[in-house]
Every structure is written in C-alpha cells, then in structure tokens.
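> One structure, pasted below without further comment.
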Amino acid sequence: MRMQNNVVLVTGAGQGIGRAIASRLASEGAYIIINDLYENDNTRETLREVQGAGSNGCIIAGDVSDTVICRDIIAEGFSWAGGIDVLVNNAGIERNAEFLDVTEKDFDAVMNVNLKGAFFMTQAFAQHFRNTKRKGRIINISSVHEELPFPHFTSYCISKGGMKMMMRNLSIELAPLGITINNVAPGAIETPINKSLLNNPQQLAELTHNIPAGRLGKPLDVANAVLWLASDEADYVTGSTVYIDGGLLWNYQEQ
Ligand code: NAP
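The sequence shown begins at 972 in this note's numbering and counts up by one.
Structure, rendered in structure tokens:
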C-alpha cells in the first residue's frame, strides 16, 4: 500500500481524470477528500468508487475559482481529516473561441479556475506547512498545452503555461517547507471534457492519427503518474512536468 496514512485532496474529482485519481490513490490506501463545485450524484459516485477501492473519504464541495472558498476548503480538509499530505490541483475548464471573439467573461472563467484556483489552493495548503516537519506534495494537472499551441484555445493555453511557471517557481520556494511540486500534463484523454470530440468520428480519427501510441489516453493513465509523484518513490522529484500523451506533444499537427 503506497499511500497508507496519507490524506489526498483532489479538486474537480466529480468525474473524469479527478475521479480516476481519487480511486487509484484510494486503492493504495489514501484517504481522499473529494472536491468539486457541488455535492451531487457525481461526487457521491466518486466517493462510492473510493470506498469500493478499499479506502474512505469525504466530499468538500466548493468553487476553487473563489479565493475565500479555496481557504475554506483547505481549512475544512485539515480539520476534518487531521491534515492533508497531498494536494492535486485538477479542476479545469476550457472555452473554444477564435482569438478575435474571446469574451472577457470566458477569459476570466478559464483563468480563475485553471490558474488562480490552483494558485490559491496551493498557497492555503502550503501555509499549513510553515511550522510542521511533515512532507507535502502538490501535483498540478496541467496539459500538453502548457507547452504546445492550440489555436482557438488561447486562454486555456495561457492558463496551463502559467501553471508551468507557477510549478517551477514554487519548486524552489516550497522546498524548505518539505513540499515538492510537479505537473502531470495529459494529452488527449477520454473524459467528458472531450465529449464533442469523442462524438465526432472524423475529428477523432484525425487526432488518433497524430498520436504515436495510436489511441487516446484513459483517465487511469494519468492517475498512475499522479500516484507515482505522490508516493515515496518520487521523494527527489520536484519542478518537473511528466507528459502522459502517447507521444502527441512531439508529433502534433493542427488540421
Ligand atoms: P472534466 O471531465 O470536465 O472534469 C473536470 C471537473 O472539474 C468537473 O467535475 C467539473 O465540475 C470540475 N470543476 C469545474 N470547475 C470547477 C471549480 N471552479 N471548482 C471545483 N471543481 C470544478 O475534465 P477532465 O478531462 O477530467 O480534466 C481534468 C483536468 O485535466 C483539467 O484541468 C483539464 O484541463 C486537464 N486536462 C484534460 C485533458 C483531457 O483530454 N481530458 C487533457 C489535458 C489536460 P462540473 O462538471 O460541475 O463543471
């Protein structure tokens, strides 16, 4: 059991990659704090999967784009579970629009969830390590688009590029507190965020053609990398991005 006696908070864990991270780490003994916008059927299903994987957890709902709520989620997690060892900043959204048409509302929505949310969740988490001798782990679910342009998704790319520099900076600032921080950068993964792509056979075939591994990724592919970074095996890893993309990053061509 690689995560025994660890408490892990996963944001956006009501479905997709976040849910897979929650169940995979639970299968290795972690207690999971499930965050998503609301306590609903999705988060309750994640909790059932966590319990089915042989561990336990709780749901702390809240919008990570609100800084006050970020602090409340972390404070409630620390008091409810007696501490949090691992923070997984997974909640993320995207908005598709040509640059000339992007609205301020959509730009703010993407930046506030993907970047500001991860920033202030991380700050609130790290503040608890000021006077402790515990080890902490932060894992951001970034994207190949922290590196790779994606036309019509400029605000998304900015948010993930910002997450890359946040992670690199904090690997230096948080090391004295005993905290490591790394990014996991998925390529194209089969989750609800890609619903329209998955329902478009032609677009799907073109994308799959660009992936050297010849398939989209599964949420579990991402969760396995998170597990490794959260485990003792990754004690000396900080400031890195692990790409989980079947080789997409170095072979991508926009159609
Ligand atoms: P998803 O299926 O859409 O799941 C995202 C979850 O985050 C949803 O449950 C969503 O809740 C929740 N969420 C949204 N805004 C939130 C907020 N303000 N506070 C708390 N929770 C919030 O997406 P996914 O594919 O699993 O993506 C997870 C992460 O991986 C994202 O950061 C995404 O950018 C990244 N990623 C995904 C892919 C991919 O191909 N799937 C590739 C690269 C990177 P609602 O459903 O209620 O909105």
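Every residue gets a Cβ at the ideal spot worked out from N, C-alpha and C, and that includes glycine.
#1: Can you name, in chain order, every residue of its own chain whose Cβ lies under 6 angstroms from the Cβ of F1096, other than the five neighbours on each side?
#2: Ordered along the chain, which non-local residues of its own chain (more than five positions away) have a Cβ less than 8 angstroms from that of G1023?
#3: Which term fits D1206, buried or exposed, when burial requires 16 or more other beta carbons within 10 angstroms of its beta carbon?
#4: Identify every residue that forms a DSSP beta bridge with T1151.
#5: Mapping DSSP to helix, strand and coil, what is V1059?
#6: Quick one: is K1231 buried, meaning 16 or more other Cβ sit within 10 Å of its Cβ, or exposed?
#7: Give a single yes or no on whether G983 has its beta carbon closer than 7 angstroms to a heavy atom of the ligand NAP.
#8: Check whether the segment 1190 to 1199 touches the segment 989 to 1003, taking contact to mean three or more Cβ pairs, one atom from each stretch, closer than 8 angstroms.
#9: For G1033, does the count of other Cβ atoms within 10 angstroms reach 16, so buried, or fall short, so exposed?
#10: Between E1010, G983, N1170, M972, which lies nearest to N1061 when the distance is taken from Cα to Cα?
#11: Between S977 and D1056, which are expected to be in contact by the criterion C-beta below 8 angstroms, what is the C-beta distance as a whole number of angstroms?
#12: What distance in whole Å lies between the Cβ atoms of F1124 and E1065, which are believed to be in contact at a cut-off of 8 angstroms?
#13: Within 7 angstroms: the Cβ of T1162 and any heavy atom of the ligand NAP?
#14: Per DSSP, I1004 is paired with what?
#15: Going by C-alpha distance, which of L1175, S1113, S1130 is nearest S1211?
The answer reads as follows:
#1: Indexing the sequence shown from 1 puts residue 1096 at position 125. The residues are I1045, L1058.
#2: Here residue 1023 corresponds to residue number 52 of the sequence shown, with the count starting at 1. Answer for G1023: S994, listed in chain order.
#3: In the sequence shown, the residue the question calls residue 1206 occupies position 235. Looking at its Cβ environment, which holds fewer than 16 other Cβ atoms inside 10 Å, D1206 is exposed.
#4: Looking up residue 1151 in the sequence shown gives position 180. Answer is R1108, bridged to T1151.
#5: Within the sequence shown, residue 1059 is the residue found at index 88, counting from 1. Note: V1059 maps to strand in three-state DSSP.
#6: What is shown of the chain runs 972 to 1226, which leaves residue 1231 out entirely.
#7: Here residue 983 corresponds to residue number 12 of the sequence shown, with the count starting at 1. G983 Cβ: within cutoff of the ligand NAP.
#8: yes
#9: Here residue 1033 is taken as the residue at index 62 of the sequence shown, counted from 1. Burial call: buried.
#10: Mapped onto the sequence shown, residue 1061 falls at position 90. If we check each option's Cα against that of N1061, G983 comes out closest.
#11: The residue labelled residue 977 in the question sits at position 6 within the sequence shown. The residue labelled residue 1056 in the question sits at position 85 within the sequence shown. This sequence places Asn at residue 977; Ser is not what is there. Going by Cβ atoms, the distance from N977 to D1056 rounds to 4 angstroms, so yes, they are a contact pair.
#12: Position 94 of the sequence shown, counted from the first residue, corresponds to residue 1065. Position 153 of the sequence shown, counted from the first residue, corresponds to residue 1124. Confirmed, Cβ separation roughly 6 angstroms.
#13: Here the question's residue 1162 lines up with position 191 in the sequence shown. T1162 Cβ: within cutoff of the ligand NAP.
#14: The residue you call residue 1004 lines up with position 33 of the sequence shown. For I1004, which the question treats as bridged, DSSP gives the partners L980, C1029.
#15: What you label residue 1211 is simply residue 240 of the sequence shown in a count that begins at 1. When only C-alpha atoms are compared, the closest one is S1113.
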